[in-house]
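A.B. asks: I'd like to ask some things about the structure below.
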Ligand code: BDR
Ligand code: CA
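Residue numbers (my numbering): 2 to 310.
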């Protein structure tokens, strides 16, 4: 794998998406950023992405995409991320608008003209599914899709994780597309918590943006620590999907077949991971991230923050 993987980051910032952007801007070649409705309405996730790209000095093109899931109405995660999608700090006004092309057109054109790109979705999979439906050839052109979603347990419901739960039909398209999937599920990302000591380390990493980013993390922390038993801070879910490409040595992985349930009464939006020890197994479609070296992951976050202008 290239030491600087080339990627399009498709996100719904979102506190942890913001850190995924910052880490990607430092350790990867970000060919473009696309936004989707998820944690907050599309205008807000796009605005938040514009602010974060400014903070980390990235000039990557930014295109907004789908404003709702394929089938069901939008639902936002303000109970986790606040009304703005990224509450907790007095953030500066963004310096530039989004570029005008629709995210889905941008993804199709960019993948076709840059073989071997990674798609890194850290929100609902709506944009990626729309691109794969209109251009199924993308599945064979990408290096893979490193996504945050699903897991061996849920958060939005007992079975379903938020990103997959919000647009399960899109998730089916992505998992069945034939593109190699790398999956950061909740069983992994809950190991990657921003404890108070780690938030202090982020704060100390940069004289200007450190305190803004620490403010975001302290807000994000509240909803995790107050709502969960045994959490010391928020799970930095989305950063894992970037680190899996930039720092693969930090992870233990397994090879699995994953399907997505759309019909279940209690399991709509569940990623059904085939953990059976069968000799004859369904063909693998997913590299499952199983464990992360969380200290090394936070050192990488601090290094990326320190590199902000
Ligand atoms: C996912 O949902 C969002 O709240 C986070 O940004 C992350 O992508 C975790 O379930
Ligand atoms: Ca997200």
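By construction, the Cβ of each residue, glycine as well, lies at the ideal position given by its N, Cα and C atoms.
DSSP state of residue 94, grouped into three classes?
C.D. replies: coil
A.B. asks: Helix or strand or just coil, what does DSSP make of residue 55?
C.D. replies: helix
A.B. asks: In angstroms, rounded to a whole number, what distance separates the CA positions of residue 126 and residue 164?
C.D. replies: 7 Å
A.B. asks: Taking the C-alpha atoms as reference points, what is the distance between residue 121 and residue 281?
C.D. replies: Answer to the nearest angstrom: the Cα atoms are 30 Å apart.
A.B. asks: Grab me the residues of residue 3's own chain with a C-beta within less than 6 Å of its C-beta, minus the 5 sequence neighbours each way, in chain order.
C.D. replies: Confidence in residue 3 is poor, its pLDDT being 47 and thus under 50, which makes the residue's placement too unreliable to answer from.
A.B. asks: Measuring CB to CB, does residue 124 end up less than 7 Å from residue 234?
C.D. replies: no
A.B. asks: Give me the Cα-Cα distance between residue 300 and residue 228, rounded to the nearest whole angstrom.
C.D. replies: 27 Å
A.B. asks: Who does residue 119 pair with in a DSSP beta bridge?
C.D. replies: Looking at the DSSP output, residue 119 shares a beta bridge with 8, 145.
A.B. asks: Give me the Cα-Cα distance between residue 198 and residue 215, rounded to the nearest whole angstrom.
C.D. replies: 11 Å
A.B. asks: DSSP puts residue 252 in a beta bridge; with which residues?
C.D. replies: 293
A.B. asks: In angstroms, rounded to a whole number, what distance separates the CA positions of residue 71 and residue 170?
C.D. replies: 7 Å
A.B. asks: Taking 6 Å as the cut-off, is the beta-carbon of residue 155 closer than that to any non-hydrogen atom of ligand 2?
C.D. replies: No; taking the cut-off as 6 Å, the Cβ of residue 155 has no heavy atom of ligand 2 nearer than that.
A.B. asks: Please name the residue or residues paired with residue 165 in a DSSP beta bridge.
C.D. replies: None; residue 165 has no bridge partner.
A.B. asks: Distance check for residue 242 and residue 273, CA to CA, integer angstroms please.
C.D. replies: 19 Å
A.B. asks: Spatial neighbours of residue 157 within its chain, please: CB distance less than 8 Å, with the 5 preceding and 5 following residues excluded, ordered by chain position.
C.D. replies: 163, 166, 167, 270
A.B. asks: Please name the residue or residues paired with residue 259 in a DSSP beta bridge.
C.D. replies: 274
A.B. asks: Is it right to say residue 286 is buried, meaning 16 or more other beta carbons lie within 10 angstroms of its own, or is it exposed?
C.D. replies: buried
A.B. asks: With a threshold of 6 Å, establish whether the CB of residue 100 neighbours any heavy atom of ligand 1.
C.D. replies: With a threshold of 6 Å, the Cβ atom of residue 100 does not count as near ligand 1, since no heavy atom of the ligand is closer than that.
A.B. asks: Is residue 239 near ligand 2, with its Cβ less than 6 Å from a heavy atom?
C.D. replies: Yes, the beta carbon of residue 239 sits closer than 6 Å to at least one heavy atom of ligand 2.
A.B. asks: Of the choices 90, 295, 206, 151, whose alpha-carbon is the least far from that of residue 217?
C.D. replies: 90
A.B. asks: Roughly how many angstroms separate the alpha carbons of residue 50 and residue 111, rounded to a whole number?
C.D. replies: 19 Å
A.B. asks: CB-CB under 6 Å to residue 304, same chain, minus the five flanking residues each way: which ones, in chain order?
C.D. replies: none
A.B. asks: Quick one: Cα of residue 105 to Cα of residue 159, how far?
C.D. replies: Those two C-alpha atoms are separated by around 31 Å.
A.B. asks: Spell out the partners DSSP gives residue 287 in its beta bridges.
C.D. replies: 182, 257
A.B. asks: Return the CA-CA distance between residue 69 and residue 200, expressed in angstroms with no decimal places.
C.D. replies: 33 Å
A.B. asks: Only counting the same chain, and skipping five residues up and downstream in sequence, which positions put a Cβ closer than 6 Å to that of residue 253?
C.D. replies: Here the set comprises 291, 292.
A.B. asks: Which runs of the alpha helix (DSSP H) fall wholly inside the region 18-69 and span at least 4 residues, in chain order?
C.D. replies: Those alpha helix (DSSP H) runs which fall completely within the region 18-69 and span 4+ residues are 43-56.
A.B. asks: In terms of residue numbering, what span does the alpha helix (DSSP H) encompassing residue 266 cover?
C.D. replies: Going by DSSP, residue 266 is part of no alpha helix (DSSP H) at all; its letter is neither H nor E.
A.B. asks: If residue 6 sits next to residue 119, beta carbons under 8 Å apart, how far is it from one beta carbon to the other, in whole angstroms?
C.D. replies: 5 Å
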